[in-house]
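First to last, the sequence lines map onto chains A and B.
Every letter in the first sequence is one number past the one before it in the numbering used here, and letter 44, counting from 1, is 62.
Every letter in the second sequence is one number past the one before it in the numbering used here, and letter 218, counting from 1, is 202.
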Amino acid sequence: MNIPSHLKFTPDHEWVLIEGDTATIGITDFAQRELGDIVYVDINQSTDTFAQNEVFGSVEAVKTVSDLFMPMSGKITAINSELENHPEWVNEDPYEKGWMIKVSLSSLEEAENLLDAAAYEALLS
Amino acid sequence: MAQKTCFYDYHIAAGAKMSEFAGFEMPIMYQRIQDEHMMVRTNAGMFDVSHMGEFVIEGPQAKDLVQWLTTNDVEKLFPGRVQYSCLSNEQGGAVDDLLVYCLAENKYLLVVNAANIEKDLQHILQQNRFDANVHNQSDQWGLLAVQGPKVAELLQTLTSVNLADIPYYHFVVGTFAGIENVIISATGYTGAGGFEIYFNEKDGPAIWEAISQQGIKPAGLGARDTLRLEMGYCLYGHELSDTTNPIAAGLGWIVRAKNYFLGKEPMLAQKQAGFERILCGFTLTQQGIPRQGYNILNKKGAIIGEVSSGSISPVLNQGIGLGFVALDEAFLDHEIFIDIRNKPIPARIVKLPFI
Chain A
19 MNIPSHLKFT PDHEWVLIEG DTATIGITDF AQRELGDIVY VDINQSTDTF AQNEVFGSVE
79 AVKTVSDLFM PMSGKITAIN SELENHPEWV NEDPYEKGWM IKVSLSSLEE AENLLDAAAY
139 EALLS
Chain B
-15 MAQKTCFYDY HIAAGAKMSE FAGFEMPIMY QRIQDEHMMV RTNAGMFDVS HMGEFVIEGP
45 QAKDLVQWLT TNDVEKLFPG RVQYSCLSNE QGGAVDDLLV YCLAENKYLL VVNAANIEKD
105 LQHILQQNRF DANVHNQSDQ WGLLAVQGPK VAELLQTLTS VNLADIPYYH FVVGTFAGIE
165 NVIISATGYT GAGGFEIYFN EKDGPAIWEA ISQQGIKPAG LGARDTLRLE MGYCLYGHEL
225 SDTTNPIAAG LGWIVRAKNY FLGKEPMLAQ KQAGFERILC GFTLTQQGIP RQGYNILNKK
285 GAIIGEVSSG SISPVLNQGI GLGFVALDEA FLDHEIFIDI RNKPIPARIV KLPFI
């Protein structure tokens, strides 16, 4: 199981890369394995500002569908549009090519609610 | 504790994602469902379906019992012939769907869904007014469904039985991979062609390895489900239940009205009176995947039905599904909507199979 140490995690299996006041967000290697073949990533486009833990979209796999929860409050500034044609990238490369959204963060303090790699690994075991 | 089939260690060694299904630890996928699906559709793959139940019914009146229990016409069977059928209950609902093999005169093999083994057995014993011997041999049989258009060619070196000569829904008992008394049945649940191979569980490893050596890889129950759905085949617990009339589920072709069978009168009376809802196939005309339990809406937004099975079709790359739809909205090419997480996604009722 790949759990990169430079990322933060949620108990719902999202990962967060925080760079200044911007975060890149996706789902973890564990999540993609549990879901199996991912066929769509659907980001809710009716609004672009979400609170921490709010559903910002869903990920559809062949067998099941799962909500995506916002790890930190903020405004979506970019969506990985490549996933429209390559949803399998979430399975193949969940932490790089499979990123889902970039967010301009409202509050850096919320990062305290996230798990580090060791805590996330402990959660999975 | 979930049961394991004789192939459990092979699944683990192949890196399968295992999940509990009908009380068994079964492989859902090895790598990707869609790749396994396409492998079977275009080439070959093997499914461990040893969790399925096997009953042998024999005795001077075995035929009478099977005729009474099942909706299809057992008179049409002869040794070497298989039939898809339905175990009916007194109310005309479906206890299970199954395969009926005629092994010999007055000796039948019934292959039933794993989740229903105990229910079916109790039902059969309760209806056995014909003094037939009913043996539940589910724990003794291994079963591999080897499916795909290349299977006959790939398996031919393993048997002297001429595989290409076995017609659809026929079977031969012969030697396979050096093992005697193997049932080689030209059946399956994928629409891709191929065989279902029945053997004693202790011979499972030898048979798995022989098939593997022909270059045939395993596929999981995830692909088995998408393959059957592309063909529009019913799955018990989705399209069929104790309270579902099999005729409403599109299985009128296995209900032989001239026979006697349990629940015939109510089953036919319901058809005569008109069903409230009948099973339809539909394809989504926009992106989305229908799932069991989602509501089906008409264009005014009223609920007119419910999805019983849904997935993405790997062949069509489109959402497909089966669902029970109100009779007056259940016609070909009709536009319906699937309520996918509070978004009505347009869909069209289509003819089955989907591909």
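Every residue, glycine too, gets a C-beta built ideally from N, C-alpha and C.
- For asparagine 165(B), the enclosing beta strand (DSSP E) covers residues 163 to 169.
- In the pairwise beta carbon analysis, the segment 71 to 85 of chain B is classified as touching the segment 93 to 102 of chain B: at least three pairs are separated by under 8 Å.
- For the pair valine 157(B) and threonine 267(B), the CB atoms are not nearer than the 7 Å cut-off.
- With a cutoff of 7 Å on beta-carbon distance, valine 130(B) and methionine 23(B) are scored as not near each other.
- The beta carbons of leucine 205(B) and isoleucine 12(B) sit about 5 Å from each other, so the pair counts as a contact at 8 Å.
- A contact is defined here as three or more CB-CB pairs under 8 Å, and the segment 127 to 145 of chain B meets this definition with respect to the segment 184 to 200 of chain B.
- The CB of lysine 93(A) never comes closer than 9 Å to any CB in chain B; the least such distance is about 23 Å.
- At a cut-off of 7 Å between beta carbons, methionine 13(B) contacts chain A.
- Inclusion of isoleucine 288(B) and glutamate 313(B) in the CB contact set at 7 Å is warranted, their separation being smaller than that value.
- For aspartate 134(A), no chain B residue has a C-beta closer than 9 Å to its own C-beta; the minimum C-beta separation is roughly 27 Å.
- Of all residues in the segment 110 to 138 of chain A, none is placed with a Cβ closer than 9 Å to any Cβ belonging to chain B.
- At least one beta carbon of chain B lies nearer than 7 Å to the beta carbon of aspartate 55(A).
- The CB of glutamine 131(B) never comes closer than 9 Å to any CB in chain A; the least such distance is about 18 Å.
- Taking a Cβ-Cβ threshold of 7 Å, none of the residues of chain A is close to threonine 267(B); the smallest such distance is about 15 Å.
- DSSP places valine 58(B) in no alpha helix (DSSP H); its state is neither H nor E.
- Spatial neighbours of glutamate 72(A) in its own chain (CB-CB distance under 6 Å, excluding positions within 5 residues in sequence) are listed in chain order as Met88.
- Around the beta-carbon of serine 292(B), 16 or more other beta-carbon atoms lie within 10 Å, marking it buried.
- In the DSSP assignment, lysine 93(A) forms a beta bridge with Thr67(A), Ser122(A).
- Within the same chain, Asn90 come within 7 Å of proline 44(B) by CB-CB distance, once the 5 residues on both sides are set aside.
- Secondary-structure assignment with DSSP links asparagine 117(B) through a beta bridge to Glu42(B).
- With fewer than 16 other Cβ atoms inside 10 Å of its own Cβ, lysine 284(B) counts as exposed.
- When the beta-carbon positions are compared, isoleucine 97(A) and isoleucine 61(A) come within less than 7 Å of each other.
- Around the beta carbon of serine 295(B), a 10 Å sphere encloses 16 or more other beta carbons of the protein chains shown; the residue is thus reported as buried.
- Annotation: glutamate 9(B) to arginine 208(B) spans about 16 Å, alpha carbon to alpha carbon.
- Under the Cβ criterion of 7 Å, glutamate 78(A) is counted among the residues facing chain B.
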